[in-house]
Amino acid sequence: MSSGTLSEQEQQLREDLARRREAVQVRQSQISVDEREEQRRLHWMRCPKCGSELAEVQFRAVKVDKCFSCNGVFLDDGELEQLTGKPGWFEGMLRFFKS
1 MSSGTLSEQE QQLREDLARR REAVQVRQSQ ISVDEREEQR RLHWMRCPKC GSELAEVQFR
61 AVKVDKCFSC NGVFLDDGEL EQLTGKPGWF EGMLRFFKS
């Protein structure tokens with residue numbers, strides 16, 4: 001695969017993500033304040049995989065959300081970027097969260 005093709009694929013992915021983000025923003029703008037609050041109440045700090053309660057765990061100066069039921073680890077916006085700037089972060093995360 002040539003680097004030009006990879007760049008084209010990346011551009012297509014970025015455009016797709018932008019379209020998805022815009023569609024979500026439109027849907028969110030159509031939801032009433034009460035409905036949005038109800039969604040937040042039902043889903044706040046709940047595992048998107050199994051529905052159990054999430055716990056904040058400090059990992060390399062970043063607070064990540066951990067589900068001790070299914071062992072999922074979830075990152076908020078910007079947390080992946082904070083972690084990837086640190087050498088060995090992925091291997092460290094695997095060791096840290098290994099069940």
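Residue 33 in UniProt numbering sits at position 33 of the sequence shown, with consecutive numbering throughout. Note that beta-carbon positions come from the ideal geometry of N, C-alpha and C, so glycine has one too. Quantities reported herein were computed from a predicted structural model and do not represent experimental measurements.
Beta strand (DSSP E) segment containing residue i, residue limits
i	result
F59	55-59
Burial state of residue i (16 or more Cβ within 10 Å)
i	result
L80	exposed
M1	Because M1 sits at a pLDDT of 48, beneath the cut-off of 50, its placement in the model cannot be relied upon, and the following sentence gives the value as read from the coordinates. The residue is exposed, with fewer than 16 neighbouring Cβ atoms inside 10 Å.
Strand pairing of residue i, partner residues [DSSP]
i	result
V33	V33 pairs with nothing; no bridge assigned.
N65	The amino acid occupying residue 65 in the given sequence is Asp; Asn does not appear at that position. DSSP lists E56, F74 as partners of D65.
R46	E53
Span of the alpha helix (DSSP H), counted from its first residue to its last, around residue i
i	result
G72	Careful: G72 lies outside any alpha helix (DSSP H) and carries neither H nor E.
G88	Per DSSP, G88 belongs to no alpha helix (DSSP H) and is neither H nor E.
Residue from the options with nearest C-alpha to residue i
i	options	result
F59	E8, L83, D77	L83
Cβ separation of residue i and residue j, assumed to be a contact under 8 Å, to the nearest whole Å
i	j	result
K66	A55	5 Å
C50	S32	So it is not a contact: roughly 28 Å between Cβ atoms.
V73	F90	Between F90 and V73 the Cβ distance is about 11 Å, and since that is not below 8 Å, they are no contact.
R46	E53	6 Å
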